[in-house]
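Working notes for the structure below.
Protein chains: 2
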Amino acid sequence: MLTSSQRQLLRVISESGPLSRTVLAASLGVSKATMSGIARDLIALGILHETETVYGQGRPSILLDLHPEGAFFVGISLLEDPAPMVLSDLNGKIIARENMPLSRDAEVIASGIAEMLPKLLAGRPDVAKKLSGLGVALSGFVDEKQANCVQSTLLGWQDVPLAKIVRQKTGIETFIENDAKALAVSEKLFGIARDVKNFSVVSFGEGIGCAHFIRGKLYRGNHGGAGEIAHCTIEPNGASCRCGKRGCLDTVASIKAIKEMSKAGSLSCTSLTELEQEASAGNVVAIRILHRAGSALGLAIAHLIQFNDPGMILITHVEGNFDGLFGTVVRQAIEANVLPRYAGQTPVRTQRIDGDIWARGAASIAAHNFLIGPNRN
Amino acid sequence: MLTSSQRQLLRVISESGPLSRTVLAASLGVSKATMSGIARDLIALGILHETETVYGQGRPSILLDLHPEGAFFVGISLLEDPAPMVLSDLNGKIIARENMPLSRDAEVIASGIAEMLPKLLAGRPDVAKKLSGLGVALSGFVDEKQANCVQSTLLGWQDVPLAKIVRQKTGIETFIENDAKALAVSEKLFGIARDVKNFSVVSFGEGIGCAHFIRGKLYRGNHGGAGEIAHCTIEPNGASCRCGKRGCLDTVASIKAIKEMSKAGSLSCTSLTELEQEASAGNVVAIRILHRAGSALGLAIAHLIQFNDPGMILITHVEGNFDGLFGTVVRQAIEANVLPRYAGQTPVRTQRIDGDIWARGAASIAAHNFLIGPNRN
DNA sequence: ATTGATTTGTTCATTTTCTGAACTTATCGT
DNA sequence: ACGATAAGTTCAGAAAATGAACAAATCAAT
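Those protein sequence lines, which keep their order, are chains A and B.
All residue numbers for the first sequence refer to this note's numbering, where the first residue is 1 and numbers rise by one.
All residue numbers for the second sequence refer to this note's numbering, where the first residue is 378 and numbers rise by one.
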């Protein structure tokens with residue numbers, strides 16, 4: 001267990017990259033003497049190490065950074081079958097991967113993970129020793145202790161204490177998290193959002209997910225439901241949604257919805273990329289579908305910006321790129337629906353991701369608990 | 378200046394009400410010995426005092442609470458002319474009030490405040506000695522130091538360092554804040570939201586304001602614009618708004634908009650109350666206007682709930698009550714547009730407020746800075 | 001090359017803060 | 001009246017942070 005000043009230090013380095021002891025001391029508001037001690041301890045623990053030496057006037061400063069091999073984490077994504085399972089270092093680099101058959105039974109999943117572990121760690125005895133946590137990403141609601149799945153439609157779960165079950169079978173400290181929230185944490189720890197205090201991730205895929213970071217911390221909401229933009233009403237009196245309402249964003253802008261609309265429009269497209277191709281070839285139906293979906297997603301994101309004024313929006317997508325008609329419409333709809341005074345003030349970035357990224361997100365939940373500590377609301 | 382443990386203690390008491398030293402020790406995670414010392418210091422400072430004695434098995438416990446007369450604050454609301462100016466104690470009780478003529482010149486405002494101060498404090502030499510801060514609430518954007526008004530349409534300001542100007546003229550530590558955000562802080566410190574960690578205040582009046590508390594702290598957003606729901610697009614391609622967009626919530630659901638719609642509908646109503654009366658008498662136009670406005674506001678609040686999953690929504694209103702057609706429609710629209718799973722899970726409270734409440738909100742900003750410290754993001 | 005200026009990082013005695021354990025105080029239940 | 005129980009205080013000692021002096025490593029100017 002790390003002390004609170006150690007965690008503070010790790011947090012600053014994780015946000016700002018390598019820093020010298022003197023800068024860190026100023027940044028944490030402690031004396032150089034104290035800083036010296038904290039750094040010594042963390043270096044002894046193998047979590048921190050000295051990297052570059054920076055020359056200037058006076059004695060050169062030695063930058064301290066996370067030691068990539070200071071700790072390792074395992075992450076599993078239960079979003080697809082087979083479930084990707086990765087081994088990640090403290091920099092979020094994936095150093096090994098495996099596939100695990102998915103199940104809807106928590107016990108079976110836990111056993112599967114336990115069986116797969118040796119494979120993942122094969123030939124890396126040093127890594128096994130430093131394995132410091134395991135994370136699981138899933139679609140659904142997770143409690144604030146990141147231990148229990150409160151509800152998951154996809155897995156058919158209700159109050160499943162998955163973390164405990166996995167920990168029993170594997171002996172490794174385990175945390176679970178909602179997929180979009182895990183993705184946000186990994187972008188904060190390892191990705192593009194490292195130095196952004198307030199941002200939201202919107203994951204655009206079969207479904208639409210979203211998660212917020214506020215004041216440098218994941219914000220889960222009062223019932224763990226913060227970020228559920230998929231079911232905000234975007235087309236009043238629109239199509240009915242599986243959630244029971246009508247006109248949810250999910251019924252218009254998810255890839256699932258787009259595919260369904262294509263089918264209903266008698267298009268033969270089976271993917272967004274194909275639909276984009278049809279649209280650029282001038283197919284009016286395809287254009288209309290992409291326009292409708294893009295406007296809806298853009299409007300929802302504009303609301304997000306108006307409501308929360310984040311420092312960045314990160315849109316992740318699984319398919320194609322975000323430069324086609326759909327992406328353009330999304331961007332336009334965002335700009336058109338935020339206060340003109342604010343237009344362009346909130347960077348909107350896009351990032352293509354694959355299945356392993358979800359597993360890395362899961363691993364980052366474990367890494368976060370190791371480095372920064374539990375995410376107390 | 379208070380220490381961080383002292384502030385922590387004050388925060389807990391402000392959230393949970395009077396508590397015994399033993400409970401506080403557990404709550405702050407310090408030993409009874411440490412707690413004893415912190416309490417002694419704060420009592421000596423006159424900020425804390427012993428109140429009720431609670432009898433149970435063993436030695437009775439003595440509850441500690443904020444000493445109402447431990448510190449006093451002045452608050453001014455620049456939302457109306459004349460500007461209400463109040464003197465508040467540590468419990469948020471208004472113990473004196475005055476009116477001040479409003480101006481658009483910051484220097485004139487500051488001079489006006491300085492002139493009014495003696496009147497407000499007349500015959501209370503003890504209070505004057507314990508005057509610990511001054512707050513100003515205004516419509517517009519305020520920087521995160523709560524010192525400068527970045528922009529205010531109402532006052533015609535751009536980058537006005539109001540806090541500094543007022544401090545120079547009065548000699549009192551001064552903070553400024555956006556109206557809705559000030560209101561949220563006062564509800565957190567003194568009002569109905571004391572023990573709620575995450576909540577949003579929606580102020581329904583001539584305009585519509587909103588502010589979020591997240592993890593027990595005011596969340597200002599990356600540009601101080603968090604909570605700007607007034608300009609979220611609620612009726613795509615709706616009426617054009619003074620902000621430059623179309624169909625903003627402000628163009629449909631603010632009292633200003635409602636009055637304008639009444640006028641356009643040839644109704645003679647000059648207030649929401651009158652419109653409600655017309656509606657209950659069966660006037661179709663009145664009913665339609667209230668329905669449209671209520672649905673819009675309800676939908677926006679539903680979005681808020683979906684996006685941020687707050688523990689409470691507090692709607693404040695200036696006129697009439699919230700039990701008429703308008704309020705009913707708002708509530709229905711909220712319920713109809715949140716995930717059915719969540720419906721009814723987020724308490725929606727309403728509260729009627731008057732002009733002095735805005736001034737008390739302003740005072741609470743000063744109180745917050747005194748008790749809890751600056752609102753670091 | 002030498003010297004002085006400059007800045008980083010360490011050391012250590014000292015101060016500050018926090019704690020555990022014993023103790024006092026005040027009540028309840030029998 | 002007396003033991004049980006729990007709150008709050010006291011105080012010596014532990015733990016954590018600090019200031020000041022110092023050592024180390026460089027640059028810049030001579």
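Glycine included, each C-beta is placed from N, C-alpha and C at the ideal position.
Values in this document were obtained by computation on a predicted structure and should not be read as measured data.
Residue closest to residue i, alpha-carbon to alpha-carbon, out of the options
i, options, result
"residue 166(A)", "217(A), 199(A), 108(A)", "108(A)"
"residue 548(B)", "554(B), 540(B), 555(B)", "540(B)"
"residue 11(A)", "344(A), 101(A), 197(A), 53(A)", "197(A)"
"residue 94(A)", "257(A), 362(A), 2(A)", "362(A)"
"residue 204(A)", "272(A), 56(A), 307(A)", "272(A)"
"residue 684(B)", "511(B), 591(B), 487(B)", "591(B)"
"residue 398(B)", "413(B), 749(B), 457(B)", "413(B)"
"residue 320(A)", "110(A), 276(A), 294(A), 293(A)", "276(A)"
"residue 335(A)", "583(B), 608(B), 735(B), 518(B)", "608(B)"
"residue 671(B)", "422(B), 657(B), 703(B), 735(B)", "703(B)"
"residue 583(B)", "632(B), 701(B), 741(B), 406(B)", "632(B)"
"residue 17(A)", "38(A), 40(A), 46(A), 51(A)", "51(A)"
"residue 421(B)", "556(B), 502(B), 666(B), 383(B)", "383(B)"
Inter-residue CB distance, residue i and residue j (contact presumed, cutoff 8 Å)
i, j, result
"residue 745(B)", "residue 566(B)", "6 Å"
"residue 466(B)", "residue 446(B)", "6 Å"
"residue 483(B)", "residue 537(B)", "5 Å"
"residue 287(A)", "residue 338(A)", "Their Cβ separation, rounded to whole angstroms, is 24 Å, which puts residue 287(A) and residue 338(A) out of contact at 8 Å."
"residue 732(B)", "residue 342(A)", "Not really, about 29 Å apart at Cβ, beyond 8 Å."
Proximity below 8 Å, CB of residue i to CB of residue j
i, j, result
"residue 578(B)", "residue 560(B)", "yes"
"residue 599(B)", "residue 347(A)", "no"
"residue 455(B)", "residue 515(B)", "yes"
"residue 462(B)", "residue 481(B)", "no"
"residue 449(B)", "residue 509(B)", "yes"
"residue 118(A)", "residue 102(A)", "no"
"residue 296(A)", "residue 249(A)", "yes"
"residue 563(B)", "residue 726(B)", "no"
"residue 621(B)", "residue 374(A)", "no"
"residue 391(B)", "residue 441(B)", "no"
"residue 659(B)", "residue 706(B)", "no"
"residue 630(B)", "residue 690(B)", "no"
"residue 210(A)", "residue 192(A)", "no"
"residue 523(B)", "residue 554(B)", "yes"
"residue 634(B)", "residue 679(B)", "no"
"residue 156(A)", "residue 149(A)", "no"
"residue 42(A)", "residue 19(A)", "no"
"residue 385(A)", "residue 76(A)", "The displayed coordinates of chain A run from 1 to 377. Any statement about residue 385(A) would go beyond what the structure contains."
"residue 669(B)", "residue 694(B)", "no"
"residue 144(A)", "residue 220(A)", "yes"
Cβ-based burial, residue i [other Cβ within 10 Å; buried from 16]
i, result
"residue 409(B)", "exposed"
"residue 242(A)", "exposed"
"residue 436(B)", "exposed"
"residue 610(B)", "buried"
"residue 381(B)", "exposed"
"residue 34(A)", "exposed"
"residue 529(B)", "buried"
"residue 262(A)", "buried"
"residue 636(B)", "buried"
"residue 558(B)", "buried"
"residue 614(B)", "exposed"
"residue 617(B)", "exposed"
"residue 100(A)", "buried"
"residue 545(B)", "exposed"
"residue 134(A)", "buried"
"residue 499(B)", "exposed"
"residue 344(A)", "exposed"
"residue 278(A)", "buried"
"residue 366(A)", "buried"
"residue 647(B)", "exposed"
Residue i Cβ short of 7 Å to the ligand HEM heavy atom set
i, result
"residue 624(B)", "Although the ligand HEM was asked about, the structure shown includes no ligands whatsoever."
Fully enclosed by the segment 224-264 of chain A, which alpha helix (DSSP H) runs are 4 residues long or longer?
You should have 250-253, 255-264.
Suppose only complete runs of 4+ residues qualify. What are the alpha helix (DSSP H) ranges in the segment 92-170 of chain A, listed by chain order?
Taking 4 residues as the shortest admissible run, the segment 92-170 of chain A contains the following complete alpha helix (DSSP H) segments, listed from N- to C-terminal end: 106-121, 125-129, 162-170.
In the segment 64-90 of chain A, which residue ranges form an unbroken beta strand (DSSP E) of at least 3 residues, counting only runs that do not cross its ends?
Within the segment 64-90 of chain A, complete beta strand (DSSP E) segments of at least 3 residues are found at 72-77, 83-88, given in chain order.
At 3 residues or longer, what runs of the beta strand (DSSP E) sit wholly inside the segment 557-587 of chain B?
Fully enclosed beta strand (DSSP E) runs of 3 or longer: 576-581.
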